[in-house]
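Chemist: Mind having a look at this structure? Questions to follow.
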Ligand SMILES: [Zn+2]
């Protein structure tokens, strides 16, 4: 039925009618807040390209995580800045590594908070690549053992979810079997299955101090031109034991979020990355956009595309704004 019999505007006349037919809603239950843990006492280093984001020593990390939880965001994902980097990424699987210590502190102080950890080697490697390097090559199979060690070490520290982000082939299977052998059969794996070699990661590398010392990550992260391959990567990771698959970044890859949701029938996470955050913050600082409206519309767009889980630096603000909206 078409105009004049059918008029779509009829159901847009009031907020009540619009609410009745609203198809998607944002809720802080879907949000995961990324946090950066650093050694030291009383450290709170602002990340220049990400206003509102800090590298935090454990005391401040716990304080901020408490604030996050009070806002209704029930999950955080941890990244670590180690004291020393080497060619074996020892900090990634050191029982006294920064993320292991942060995990123990958070689980002790805030047992209700779900603590996830990124599992990768780049932050702990002197060369900044996500795997073991020989010459100018990033080696796949020897990297798997280190990644599995990192996941097991985080499991021992009490982590609730491990999230491998390295894009080595076979890592989800390697991590799953290592966890199972150590008795961590119930620990979920959220795989960065569909992770693109993106220019939008720039500000994160300031935050995590992990730019590659040579070359780039295009021999392991995906080509932004590819869509079928992104679905295939997700299906492979599911075969290997992933419980959640992920698309990263989010905004330039909304089509992949939709495809993973409709083609895998698994929970899908989307990572609204540092560059996406920095652009919004910069434009808002200049007064060129309405930050609250743009952030909520962005996150709703990611949700509408099919994401169940949204990892975002906007999580605290968005949770606060959603609470204000529901109380008016
Ligand atoms: Zn990495």
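Residue numbers (my numbering): 110 to 437.
The beta carbon of each residue, even a glycine, is placed where N, CA and C say it ideally should be.
#1: For residue 129 and residue 288, what's the separation of their Cα atoms in angstroms?
#2: By how many angstroms is the C-alpha of residue 157 removed from the C-alpha of residue 423?
#3: Just to check my reading of the structure: residue 319 and residue 231 have Cβ atoms closer than 8 Å, yes? What is that Cβ distance to the nearest angstrom?
#4: Looking at the structure shown, is residue 248 part of a helix, part of a strand, or coil, going by DSSP?
#5: Need the endpoints of the alpha helix (DSSP H) that residue 435 sits in, please.
#6: Buried or exposed, going by whether 16 or more other CB atoms sit within 10 Å of the CB of residue 337?
#7: Looking only at DSSP bridge pairs, what is residue 189 linked to?
#8: Taking 7 Å as the cut-off, is the CB of residue 230 close to at least one heavy atom of ligand 1?
#9: When burial is assigned at 16 or more other CB atoms within 10 Å of the CB, is residue 414 buried or exposed?
#10: Residues in its own chain within less than 6 Å of residue 296 by CB, not counting five upstream and five downstream?
#11: Rounded to a whole number of angstroms, what is the C-alpha to C-alpha distance between residue 381 and residue 324?
#12: Does the contact criterion of 3 or more C-beta pairs under 8 Å hold for the region 393 to 402 versus the region 355 to 364?
#13: Contact between the region 256 to 263 and the region 168 to 185 is defined here as three or more beta-carbon pairs at a separation below 8 Å; is this criterion met?
#14: Flag residue 280 as yes if its beta-carbon sits less than 8 Å from any beta-carbon of chain C, otherwise no.
#15: Check whether the Cβ atoms of residue 207 and residue 191 lie closer than 8 Å to each other.
#16: Should residue 137 and residue 409 be called a contact, given that it needs their Cβ atoms to be closer than 8 Å?
#17: Given that a residue counts as buried once 16 or more other Cβ atoms are within 10 Å of its Cβ, and exposed if not, what is residue 371?
#18: Closer than 7 Å: is that where the CB of residue 289 sits relative to any heavy atom of ligand 1?
#19: Quick check: residue 234 and residue 198, are their CB atoms within less than 8 Å of each other?
#20: Going by the beta-carbon positions, is the gap between residue 331 and residue 303 smaller than 8 Å?
#21: Can you have a look at residue 427 and say buried or exposed, based on whether 16 or more other CB atoms are within 10 angstroms of its CB?
#22: Which class does residue 322 belong to by DSSP, given the choice of helix, strand or coil?
#23: Check whether the Cβ atoms of residue 283 and residue 219 sit closer than 8 Å, and answer yes or no.
#24: Pick from 378, 420 and 364: whose alpha carbon is nearest that of residue 385?
#25: Taking the alpha carbon of residue 188 as the reference point, which residue from 367, 333 and 268 has its own alpha carbon closest?
Modeler: Let me spell this out:
#1: Between residue 129 and residue 288, the C-alpha separation is close to 45 Å.
#2: 16 Å
#3: 5 Å
#4: Of the three classes helix, strand and coil, the one that applies to residue 248 here is strand, per DSSP.
#5: 424 to 436
#6: exposed
#7: 146
#8: yes
#9: buried
#10: Taken in chain order, the residues that qualify are 264 and 288.
#11: Here the C-alpha atom of residue 381 lies approximately 25 Å from the C-alpha atom of residue 324.
#12: Because the criterion of three Cβ pairs below 8 Å is not met, the region 393 to 402 and the region 355 to 364 do not touch.
#13: no
#14: The chain inventory of the structure shown lacks chain C, comprising one protein chain alone.
#15: yes
#16: no
#17: exposed
#18: Flag unset: Cβ of residue 289 not near ligand 1.
#19: yes
#20: yes
#21: buried
#22: Note: residue 322 maps to coil in three-state DSSP.
#23: No, Cβ-Cβ distance for residue 283 and residue 219 is not below 8 Å.
#24: With distances taken between Cα atoms, residue 385 lies closest to 420.
#25: 268
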